[in-house]
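Enquirer: 1 is the number of the first residue of the sequence shown in the numbering used here; add one for each residue after it.
Here it is: the structure, laid out below.
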Amino acid sequence: MNTFSTFDPFREIDRVFGSVSRGPAGPGMPMDLYRDGDRFVVEVDLPGVDPSTIDIDVDDRSLTIRAERVGRSTENGKWLTRERPTGSFARQLTLGRGLATDKIDAMYADGVLRLVIPVADEAKPRKITVAHEGQRGLDEPVKGEVSEETDAA
């Protein structure tokens with residue numbers, strides 16, 4: 001049984017900050033999440049957002065993304081339809097244990113914020129070799145044992 005394949009460090013994947021993150025056309029920050037080997041990848045759509053307004057915080061097991069999209073103003077025009085949400089947006093993810101939150105990488109390109117969250121080394125599966133008496137000589141001390149022989153100088 002491979003328990004590593006069922007490891008899901010995102011217990012509560014998405015907790016939205018009330019109405020702040022919801023615009024007229026749905027969530028202001030639609031997101032994709034997938035696992036790629038020993039890392040999780042989060043991609044958040046943030047078209048039209050100035051990268052300097054993106055703020056990402058990790059506090060204990062909460063990862064919070066904040067951003068702001070400024071709406072266009074028209075001096076002489078009249079809006080006929082205005083569906084693209086503007087203002088401040090926030091999205092919060094509750095992370096499970098076993099992630100290397102100190103090694104999260106973030107990149108913003110083409111209107112998409114991409115976070116790469118690696119699985120912590122201690123959460124990765126490991127093989128443990130089992131030694132038996134036939135593998136070593138009886139006179140060799142086992143690692144961690146103290147040998148009775150001492151060198152006299």
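C-beta: ideal position from N, C-alpha, C; glycine also.
As the structure is a computational prediction, the values presented were derived from the model and not from experiment.
Assuming the contact rule is C-beta atoms closer than 8 Å, residue 70 and residue 115 should be a hit. Round their C-beta distance to whole Å, please.
Expert: With a Cβ gap of about 23 Å, residue 70 and residue 115 do not count as contacting.
Enquirer: Going by DSSP, what residue range makes up the beta strand (DSSP E) through residue 95?
Expert: Residue 95 -> no beta strand (DSSP E), and no H or E assigned at all.
Enquirer: Closer than 6 Å by C-beta to residue 58: which residues in its own chain qualify, once you throw out the five before and the five after it? Chain order, please.
Expert: Around residue 58: 101.
Enquirer: Which of the three DSSP states, helix, strand or coil, is assigned to residue 64?
Expert: strand
Enquirer: Between residue 56 and chain D, is the shortest Cβ-Cβ distance under 8 Å, so that the two count as touching?
Expert: Note that chain D does not occur in the displayed structure, where there is just one protein chain.
Enquirer: Rounded to the nearest angstrom, what separates residue 22 and residue 120 at their Cα positions?
Expert: Low local confidence applies: a pLDDT of 40 at residue 22 is under 50, so the model's placement there is unreliable, and no value is given.
Enquirer: Between the beta-carbon of residue 89 and the beta-carbon of residue 72, is there less than 8 Å?
Expert: Contact: no.
Enquirer: Taking 6 Å as the limit between beta carbons, can you name the residues of its chain near residue 53, skipping five residues before and five after?
Expert: Taken in chain order, the residues that qualify are 67, 68.
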